[in-house]
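This note's numbering numbers the first residue of the first sequence as 5 and each following residue consecutively.
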Amino acid sequence: MRPLPRSFYDRDTLEVACDLLGRHLVHVVDGVARVGRIVEVEAYLGPHDKAAHSSRGVTPRTRVMFGPPGHAYVYRIYGLHWCMNVVTEAEGRGCAVLLRAVEPVAAITQRTNGPALLCRAMAIDGTCNTRDLCGGSLFIAKGSPSDPRAIVKRARIGVDYAGAWARRLLRFYERGNPFVSRP
DNA sequence: TGCACGATGAAC
DNA sequence: TTCATCGTGCAC
């Protein structure tokens, strides 16, 4: 179980988003590897994407989104939950993929069908922000990639304010998987 | 320095 | 449908 290389993330965000489905998200906590198989993601395409945090440009919070690929962007939402993204494409692009749901594989005891729920179940919080996913205790491994023919494309959740960008089909999930947050 | 609001989840 | 709860970004 080793981290996928940085080249995995240094590609077109849509490609990475689909390729992330079926991969294993791994977080080693107190010597125990918590593992979840990624089954739902959303792509955020950069500053021109009105629904992306990076659309406001480089700020203290979004700086990591504009950094090199293969790093974690973990932010607090509604003052009480955490959400995790992986940074994609070349440095400066401001692209990322939000992890929305995982299927429990190992050492998971709570619900994982939602971006904040998966963070809670895998003990991912603000201390994981800016973490390099290509070496360390938080990473993504090969897993069992989803069949491309089984990938469903839908509009992203909770971005109605983003006009036309809200209607783009940038949410991807594995068809029929019971751990998807909103099938 | 103040304030409106959110890539959510849970309860009602 | 409503609310919890607070960091962020932008207005002033």
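In this text, a Cβ means the ideal position worked out from N, Cα and C, and glycines have one as well.
| Query | Result |
| --- | --- |
| Would you call the CB atoms of ALA127 and VAL36 closer than 7 Å? | no |
| If you draw a straight line from the alpha carbon of TYR79 to that of VAL90, how long is it in whole angstroms? | 12 Å |
| Can you tell me which of the three DSSP states ALA120 falls into? | helix |
| Out of curiosity, what's the CA-to-CA distance linking ILE42 and VAL106? | 4 Å |
| So within the region 107-174, which uninterrupted alpha helix (DSSP H) runs reach at least 4 residues, ignoring any that extend past its ends? | 119-125 and 168-171 |
| Is the region 147-159 touching the region 59-78, taking contact as three or more C-beta pairs under 8 Å? | no |
| Pull up the CB-CB distance for ALA125 and THR116, whole angstroms please, since I reckon it's below 8 Å. | 5 Å |
| Using only CA atoms, which one of ALA154, MET5, TYR165 and ALA168 lies nearest to SER176? | For the record, residue 176 in the displayed sequence is Phe; it is not Ser. Considering only alpha carbons, the answer is ALA154. |
| Short of 8 Å in beta carbon distance, which residues of its chain neighbour MET88, apart from the five on each side in sequence? Order them along the chain. | ALA76, TYR77, VAL78, LEU102, LEU103, PRO119, LEU122, CYS123, ILE128 and CYS132 |
| How long is the line joining the alpha carbons of THR113 and GLY40, rounded to whole angstroms? | 11 Å |
| Would DSSP call LEU29 helix, strand or coil? | strand |
| Would you list, in sequence order, the uninterrupted beta strand (DSSP E) runs of no fewer than 3 residues that lie entirely inside the region 18-92? | 28-33, 36-48, 76-81 and 85-92 |
| Rounded to whole angstroms, what is the Cα-Cα separation between VAL163 and ARG171? | 9 Å |
| Return helix, strand or coil for PHE183, following the three-state DSSP convention. | coil |
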